[in-house]
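Chemist: Input: one structure, supplied below.
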Amino acid sequence: MNPAPLVALVGNPNAGKSALFNALTGARQKVGNYPGVTVERKSGRMALADGRPVELVDLPGTYSLDPASPDEQVTRDVVVGRQEGERLPSALVVVLDATNLDNHLRFALQLIALGLPVVVALNMVDMAKRDGLTIDVAALSEALGVPVVETVAVRRQGMDALKTALATIVGDGTRTVRAGSPPEHDIVTLQRRARAIAVAATSEESLQRRWTHRLDAVALHPIVGPILLAVILFVMFQAVFAWSEAPIGWIEEAFVKMQDAIGTVLPAGILRSLLVDGLIAGVGSVVVFLPQILILFLFILLLEASGYMVRAAFLMDRVMAGVGLSGRAFIPLLSSFACAIPGIMATRTIDDPKDRLTTILIAPLMTCSARLPVYAVIIGAFIPARSVGPGIGLQGLVLFGLYVTGIVAAMVAALVIRRTVARGESAGFMMEMPRYQMPVLRDVAIGLMQRAWIFLHRAGTLILFATLLLWALLTFPQSPTGQDQVRYSAAGRIAEGLETIVKPIGFNHEIALAIIPAMAAREVAVSALATVYAIESGDEVQTERSLVGRLRGRWSLPTALAFLMWFVFAPQCLSTIAVIRRETNGWKWPLFALGYLFVLAYVAAGVTFWAATALGL
Amino acid sequence: MRLNELPPHEAATIRVIDWSLLKTSEARRMRELGFDEGVRVETLHRGPVGMDPIACRVGRMTIALRRATAAAVSVDPFPMAAE
Numbered sequence: 001m002n003p004a005p006l007v008a009l010v011g012n013p014n015a016g017k018s019a020l021f022n023a024l025t026g027a028r029q030k031v032g033n034y035p036g037v038t039v040e041r042k043s044g045r046m047a048l049a050d051g052r053p054v055e056l057v058d059l060p061g062t063y064s065l066d067p068a069s070p071d072e073q074v075t076r077d078v079v080v081g082r083q084e085g086e087r088l089p090s091a092l093v094v095v096l097d098a099t100n101l102d103n104h105l106r107f108a109l110q111l112i113a114l115g116l117p118v119v120v121a122l123n124m125v126d127m128a129k130r131d132g133l134t135i136d137v138a139a140l141s142e143a144l145g146v147p148v149v150e151t152v153a154v155r156r157q158g159m160d161a162l163k164t165a166l167a168t169i170v171g172d173g174t175r176t177v178r179a180g181s182p183p184e185h186d187i188v189t190l191q192r193r194a195r196a197i198a199v200a201a202t203s204e205e206s207l208q209r210r211w212t213h214r215l216d217a218v219a220l221h222p223i224v225g226p227i228l229l230a231v232i233l234f235v236m237f238q239a240v241f242a243w244s245e246a247p248i249g250w251i252e253e254a255f256v257k258m259q260d261a262i263g264t265v266l267p268a269g270i271l272r273s274l275l276v277d278g279l280i281a282g283v284g285s286v287v288v289f290l291p292q293i294l295i296l297f298l299f300i301l302l303l304e305a306s307g308y309m310v311r312a313a314f315l316m317d318r319v320m321a322g323v324g325l326s327g328r329a330f331i332p333l334l335s336s337f338a339c340a341i342p343g344i345m346a347t348r349t350i351d352d353p354k355d356r357l358t359t360i361l362i363a364p365l366m367t368c369s370a371r372l373p374v375y376a377v378i379i380g381a382f383i384p385a386r387s388v389g390p391g392i393g394l395q396g397l398v399l400f401g402l403y404v405t406g407i408v409a410a411m412v413a414a415l416v417i418r419r420t421v422a423r424g425e426s427a428g429f430m431m432e433m434p435r436y437q438m439p440v441l442r443d444v445a446i447g448l449m450q451r452a453w454i455f456l457h458r459a460g461t462l463i464l465f466a467t468l469l470l471w472a473l474l475t476f477p478q479s480p481t482g483q484d485q486v487r488y489s490a491a492g493r494i495a496e497g498l499e500t501i502v503k504p505i506g507f508n509h510e511i512a513l514a515i516i517p518a519m520a521a522r523e524v525a526v527s528a529l530a531t532v533y534a535i536e537s538g539d540e541v542q543t544e545r546s547l548v549g550r551l552r553g554r555w556s557l558p559t560a561l562a563f564l565m566w567f568v569f570a571p572q573c574l575s576t577i578a579v580i581r582r583e584t585n586g587w588k589w590p591l592f593a594l595g596y597l598f599v600l601a602y603v604a605a606g607v608t609f610w611a612a613t614a615l616g617l
Numbered sequence: 001m002r003l004n005e006l007p008p009h010e011a012a013t014i015r016v017i018d019w020s021l022l023k024t025s026e027a028r029r030m031r032e033l034g035f036d037e038g039v040r041v042e043t044l045h046r047g048p049v050g051m052d053p054i055a056c057r058v059g060r061m062t063i064a065l066r067r068a069t070a071a072a073v074s075v076d077p078f079p080m081a082a083e
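Order-wise, the sequence lines are chains A and B.
Mapping the first sequence onto my numbering, position 608 (from 1) lands on 608, and the numbers just tick up by one.
Mapping the second sequence onto my numbering, position 66 (from 1) lands on 66, and the numbers just tick up by one.
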């Protein structure tokens, strides 16, 4: 049987391609990677009007077939049939923003000239109408020589018409359509032709994009704008704590009930210890942070979908220029607050190689969501939950401070990197500012579900494995009665070596134990501590079940603060190192990142410990 | 007059762009974003620090760019301020 024909979605950034992709494929999506490069490949199945299935692939948005970044190169290579691991598409859906025809048409003309069957999706026609634009679809279709379908992807309008149009042009998948190489048109000529077609097909009543203008008057105001940005970020970090309290309580309760249930069914012994101390204490202590991670991602997805992210880049450009970067770097860095991996992958939109390298190297300093469990436990245990002002909790404030520390460190690191290992002229800043859009609930929900799945998947595999391994290393060999099990165990002996190194910065034996498996993923530090203290307390009557309570009695405040500082800097995430290796094509830069971040972590934790001790905290 | 000197909310037409002042990648990006002779431009916003970068309406798009880049664009202000 032949595979389903491949249809590719192509278009300028901000044409509404992803919304169209979601509307056509629903939640049946596969996210993978193109071989050799780290460009994300998003594909899904859909049925044409005649019932035939096709595979729809969402290509990275680009302005032309003249690639400036790895992302754009994939788009070019796919549409000319040169991309490794991808068939030549049987047809293209070219997505155009109806409100921005003269610019988007130029790319459409380039794509049509390739000779593949093309349907044009004239997207956001509702916005065009609101702007006072009327577009003559028949005239446009005639001028381009391909079918044109009006769509409103965010409201799933025009999808049937699009599927009907596609059915007429998609072959049976057996005949190969050979695309030529991209025609060597010069951009200016194409642009002028595009503008002529756009002008002929559009009648216009007013030039106003009223809402975007009014919002920008506030969001980009020289004084109000930066304040608004600071407020948004502050609310975001407060919400991570405030909104998650209740759901975290429910998850904790569920895990405690599971432990109790197992405790009553199984007799005390190795199996019960494995389940209660290893599995549930370890994995449970990480899963508990799902609500906080989802809240953080919710904010980032909303900021992206609404169009505000580019405004933030605009406001931050000059500040970023001060450390040799551009506002463009702000978006990957802000994404890195959720996770450095998508953040580092998002640097592919930065065309300047040195800008990009610098951004990659400092991205791990942005406080990612995997640090949240660590911060939350330590803050919960050592920082009193009192209010320091209306709506401002001390715990939230400390958390905010940790984020700020990461940001300041990243800026200083960028400044140094840009003057040493990535020296060079600044690359400048140029970006399209899309209109504001009401985020579509459905698209945000799909994004959140994907994140939740990735997190739970990690908890179920990587974190589970690291936790169980640690449990085994902590449990065996069994200590003779009267001796401390944790110190006697295999893990305890390994940690003893490390302890001599980390003792000067205030770390105890248990921390030395926890930071080894936390190399797999930062959250593991929490599950590791939970497992260590669960085993240590043995099968005695447990007065304090939660890790927070256990830590409170055992660590001094300087130790806790040093531990927090360690996690601001330490590159404890193998996946991030792997992504840096992939993105920079070699071991040089990931090893550099490992080295400089561990040195920073050690120094910062040490300084914090000794300063706090000197202050008598 | 150059684009970086154009007062906010005053419309102008691009007279000429001195591509030689720009890096190749920058020049290409500018062409892609619709900068061309005869196109209508208007400065809408200016950044909070040092009034840099600026956000310009170019054709139907709003483009953010640094003042140093905008200096390569010579513009003719409209004789009568339209809006």
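Cβ atoms here follow ideal geometry from the backbone N, Cα and C, with glycine treated the same way.
(1) Going by the beta-carbon positions, is the gap between A:Met320 and A:Phe330 smaller than 8 Å?
(2) Name the DSSP bridge partner or partners of B:Ser74?
(3) Would you please state the rounded distance, in angstroms, between the beta carbons of A:Ala23 and A:Met159? I believe it to be under 8 Å.
(4) Return the bridge partner residues of A:Gln157 from the DSSP annotation.
(5) Suppose you measure from the CA of A:Glu544 to the CA of A:Leu301; what does that come to, to the nearest Å?
(6) Is the Cβ of A:Arg318 closer than 8 Å to any Cβ of chain B?
(7) Would you mind telling me which residues of chain B sit closer than 7 Å to A:Leu220, beta carbon to beta carbon, in chain order?
(8) Measure the alpha-carbon distance for A:Gln208 versus A:Gln83 and round it to whole angstroms.
(9) Is there contact between the segment 579 to 597 of chain A and the segment 356 to 368 of chain A, where contact requires at least three CB pairs shorter than 8 Å?
(10) For chain B, find out if any of its Cβ atoms is closer than 8 Å to the Cβ of A:Val120; answer yes or no.
(11) With a cut-off of 8 Å, does the C-beta of B:Arg15 fall near any C-beta of chain A?
(12) Determine the contact status of A:Met124 and A:Gly11, defining contact as a CB-CB distance below 8 Å.
(13) Closer than 8 Å, CB to CB, is A:Gln191 near chain B or not?
(14) Check whether chain A comes within 8 Å of B:Ser74, counting only Cβ atoms and requiring the distance to be less than that.
(15) Skipping 5 residues on each side, what residues in its chain have a beta carbon closer than 6 Å to that of A:Ala514?
(16) Between which two residues does the alpha helix (DSSP H) carrying B:Thr62 extend?
(17) Show which residues of chain B have a CB atom less than 9 Å away from the CB atom of A:Pro226.
(18) Cα separation between A:Arg552 and A:Ile280?
(19) Does DSSP classify A:Asp136 as helix, strand or coil?
(20) Okay, do the segment 458 to 469 of chain A and the segment 387 to 403 of chain A touch, 3+ Cβ pairs below 8 Å being the bar?
(21) Is A:Gly173 helix, strand or coil when you go by DSSP?
(22) For A:Tyr533, which residues of its own chain have a beta-carbon under 6 Å away from its beta-carbon, when the five flanking residues on both sides are left out?
(23) Taking the alpha carbon of A:Leu468 as the point to measure from, which residue in A:Gly447, A:Gly424 and A:Ala518 has its own alpha carbon closest?
(24) In chain A, which residues lie less than 9 Å from B:Glu10 when you measure between Cβ atoms?
(25) From this set, A:Ala385, A:Phe609, A:Asp97 and A:Val231, which residue's C-alpha is nearest A:Ala242's C-alpha?
(26) Buried or exposed for B:Ala64, please, with buried defined as at least 16 other CB atoms from any protein chain shown within 10 angstroms of its CB.
(27) Just reading off the alpha helix (DSSP H) that A:Asn123 is part of, what are its end residues?
(28) Pull up the distance between the alpha-carbon of A:Phe107 and that of A:Ala217, whole angstroms please.
(29) In the DSSP output, which residue or residues are listed as bridge partners for A:Ala8?
(30) Flag A:Leu547 as yes if its beta-carbon sits less than 8 Å from any beta-carbon of chain B, otherwise no.
(31) Could you have a look at A:Ala27 and say whether DSSP puts it in helix, strand or coil?
(32) Could you compute how far the alpha carbon of A:Phe337 sits from the alpha carbon of A:Ala414?
(33) Can we say the segment 287 to 303 of chain A touches the segment 366 to 376 of chain A, given the rule of at least three CB pairs closer than 8 Å?
(34) Rounded to a whole number of angstroms, what is the C-alpha to C-alpha distance between A:Val146 and A:Val119?
(35) Mapping DSSP to helix, strand and coil, what is A:His509?
(36) Is the shortest distance between the beta-carbon of A:Asp260 and the beta-carbons of chain B less than 8 Å?
Modeler: A quick look at the data gives this:
(1) yes
(2) B:Arg2 and B:Val16
(3) 6 Å
(4) A:Val152
(5) Note that A:Glu544 scores 46 on pLDDT, short of 50, meaning its location in the model is unreliable and no value can be drawn from it.
(6) yes
(7) His45 and Ala55
(8) For A:Gln208, the predicted structure reports a pLDDT of 49, less than 50, and the residue's modelled location is therefore unreliable. A value from the coordinates is still provided. One C-alpha to the other measures close to 41 Å.
(9) yes
(10) no
(11) no
(12) no
(13) yes
(14) no
(15) Ala525, Ala528 and Leu529
(16) No alpha helix (DSSP H) holds B:Thr62; the beta strand (DSSP E) holding it covers Met61 to Leu65.
(17) Pro48 and Val49
(18) 21 Å
(19) coil
(20) no
(21) Interpretation of A:Gly173 is limited by its pLDDT of 49, a score under 50 that renders its predicted location unreliable; the figure taken from the coordinates is listed afterwards. Residue state, collapsed to three classes: coil.
(22) Arg550
(23) A:Ala518
(24) Correct list: empty, because the minimum Cβ distance to chain A is about 15 Å.
(25) A:Ala385
(26) buried
(27) That residue, A:Asn123, is in no alpha helix (DSSP H); its beta strand (DSSP E) goes Val118 to Asn123.
(28) 31 Å
(29) A:Val57 and A:Leu92
(30) no
(31) coil
(32) 17 Å
(33) yes
(34) 6 Å
(35) helix
(36) no
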